[in-house]
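First up is the structure itself, then whatever we jot down about it.
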Amino acid sequence: MKLKVVCRKVYDYIRYDLKEIAFPSSLPDPPHIKKRRKLTWHERFLVLKEASRLYAASWVRDIGPDLRPNDYKKDEESEGKRSEDKKGTKEAEPSTLEDIAVAARGGMETLRPALQRLYMTRASAYRDALQSFIEGYQEGIQQVMEKKEDSKAQREGSNQRTST
Numbered sequence: 001m002k003l004k005v006v007c008r009k010v011y012d013y014i015r016y017d018l019k020e021i022a023f024p025s026s027l028p029d030p031p032h033i034k035k036r037r038k039l040t041w042h043e044r045f046l047v048l049k050e051a052s053r054l055y056a057a058s059w060v061r062d063i064g065p066d067l068r069p070n071d072y073k074k075d076e077e078s079e080g081k082r083s084e085d086k087k088g089t090k091e092a093e094p095s096t097l098e099d100i101a102v103a104a105r106g107g108m109e110t111l112r113p114a115l116q117r118l119y120m121t122r123a124s125a126y127r128d129a130l131q132s133f134i135e136g137y138q139e140g141i142q143q144v145m146e147k148k149e150d151s152k153a154q155r156e157g158s159n160q161r162t163s164t
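With the working numbering, the residue at position 2 of the sequence shown is 2, and numbering never jumps.
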């Protein structure tokens with residue numbers, strides 16, 4: 001009889017307690033929370049489609065119609081008419097401040113590439129300015145060295161003339 005009790009306790013432990021330890025259940029919702037209905041397969045597909053589109057668009061560097069196409073539908077229709085009229089004109093690129101502001105609205109995943117572009121742009125401008133300065137400095141040194149060589153050559157020439 002004692003063996004039967006021990007077997008029952010081991011069985012209950014494995015059935016209930018071990019399952020709760022390995023895969024703990026979450027706390028129940030408070031009583032004032034209303035449960036949502038389950039989504040249909042079609043609704044699940046639409047959610048997955050929209051989520052994957054947004055995820056794919058988050059990998060694109062520029063923030064625009066790819067990320068929020070619903071906001072730009074009206075603009076595209078009106079711009080379509082305008083672009084036919086102004087085919088020869090170029091569109092002005094947004095300033096750096098506008099680019100950062102738009103990226104900040106998009107969240108951290110869109111702000112990071114915009115800031116990286118800004119830093120890379122500034123770093124390349126700094127590198128170019130530094131290279132230009134070094135080239136100018138080297139040209140200045142060469143000019144000074146040439147003047148010194150010319151003055152030495154003139155002195156040596158004048159010394160040779162006076163000694164003869």
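Glycine included, each C-beta is placed from N, C-alpha and C at the ideal position.
Starting from residue i, trace the alpha helix (DSSP H) both ways and give me its first and last residue.
i	result
Gly106	96–106
Asp12	2–12
So is residue i buried or exposed if we call it buried at 16+ other beta carbons inside 10 Å?
i	result
Ala123	exposed
Ala114	buried
Ala103	buried
Thr96	exposed
Can you tell me whether DSSP reads residue i as helix, strand or coil?
i	result
Arg127	helix
Met120	helix
Ile33	coil
Phe23	coil
Pro113	helix
Leu46	helix
Lys152	helix
Trp41	helix
Residues in the same chain with beta-carbon distance under 6 Å from residue i, minus the five sequence neighbours each way, listed in chain order, please.
i	result
Ser58	Glu109
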